[in-house]
Amino acid sequence: MNKNSVLSPFMGKLSYINSLVLIRTSDPASKPYAFADWDQGIPGDVSFSPAVCTTLDSHRYGAYWQSDDFRGHVGCREWTAQLYDPGRPYIDVTTYSKRGNFIGELVGWSRFEDLPKPVIGMQGKQWLCLHECPAGERPGVIADLRAWTRKHGYPMPERPPRQPLYPDSEYQDDLNEFWNY
C-alpha cells in the first residue's frame, strides 16, 4: 500500500505484545522492526486513547519523570487528546518550561478517517507551523501568532495547567483496578 520505494518492501502489523512493527513482505519469518507501541490507555477513559506511543512515553507518564527533562512534556497522550478533541482546531506540541518553551521529542499520528489538523509549537520565542498548515500555507515560522489565529478563526494557544497533562499518577485507581482484576 506504500508507494515509497524505501518502505514498499515492508508491511505494518500489530504484534502480540501491542507493538507496531514492520515486517519484510518478501520474508515474513524475518525479524520485525518495532517502531512504536499501540497504547490502549486508561480503562474507561478514551479522551487520549488509543494512541501510538514510544518507550519515552512510558517514562514520561511514570512517577520518576523530571519537570526539567530536556525531551519535553508533550507525548502520545497529549497529542491524541488534541487529535480527538473536535473543538480543538490544531495540535500544540509546545513544552512550556520556566527555562523557555520548546518542542520536545514526540511521535505524532492520525487515523485515516481523522481530518487534518495543523501542528503548531513554540521553539524559544518563535511559533512554528510544523505540519498540515491551514489554507495551503507552507510549514515554517508564524510571524505573528495573534494575526495567524485570527486569520484562521482559531483561539490562541493556552498553557496547560501542568505537563505532562495525563500522568499515570492521576489514574492510579483506574490502573490498579485494571491490573488487579
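For the sequence shown, the positions run 47 to 227 when the working numbering is used. C-beta: ideal position from N, C-alpha, C; glycine also. It should be emphasised that the depicted structure is a prediction, and the values quoted were computed from it without experimental measurement.
Going by beta-carbon coordinates alone, are residue i and residue j separated by less than 8 Å?
i      : j      : result
Arg123 : Tyr212 : yes
Cys175 : Gly182 : no
Leu66  : Asp83  : yes
Gly87  : Pro96  : yes
Gly167 : Asp138 : yes
Ser61  : Pro74  : no
Return the chain-ordered list of same chain residues with a C-beta closer than 7 Å to the C-beta of residue i, the five sequence neighbours on each side being excluded.
i      : result
Glu178 : Pro162, Lys163, Pro164 and Val165
His105 : Trp111
Phe94  : Gly87, Arg123, Thr126, Ala127 and Tyr212
Arg70  : Pro55, Phe56 and Ser76
Tyr200 : Pro135 and Tyr136
Go through its chain and collect everything with a Cβ distance to residue i's Cβ below 6 Å, but skip five positions before and after it.
i      : result
Arg205 : Tyr142
Ile188 : Trp173, Cys175 and Trp194
Cys99  : Asp83, Asp85 and Cys122
Asn48  : Any reading at Asn48 must be qualified, since the residue scores a pLDDT of 49, below 50, and its modelled position is unreliable; the value itself is stated next. Contacts found: Ser54.
Pro203 : Asp138
Please classify residue i as buried or exposed, where buried requires at least 16 other C-beta atoms within 10 Å of its C-beta.
i      : result
Leu129 : buried
Ile63  : exposed
Asp190 : exposed
Asp85  : buried
Gly150 : buried
Asp103 : buried
Can you name, in chain order, every residue of its own chain whose Cβ lies under 8 Å from the Cβ of residue i, other than the five neighbours on each side?
i      : result
Trp125 : Ala97, Ile137, Val139, Leu152, Val153, Gly154 and Trp155
Pro210 : Arg106, Tyr107, Trp111, His119, Val120, Gly121, Arg123 and Glu124
Gly170 : Gly146, Asn147 and Phe148
Asp214 : Tyr107, Gly108, Ala109 and Leu221
If you compare alpha carbons, which of the options is closest to residue i?
i      : options                           : result
Arg192 : Pro210, Gln172, Arg184 and Arg208 : Gln172
Asp160 : Pro203, Leu102, Tyr79 and Asp131  : Asp131
Lys197 : Pro207, Pro203, Val92 and Pro180  : Pro180
Would you call the segment 113-120 and the segment 143-158 in contact, with 3 or more CB pairs under 8 Å?
Counting Cβ pairs under 8 Å, three or more are found: they touch.
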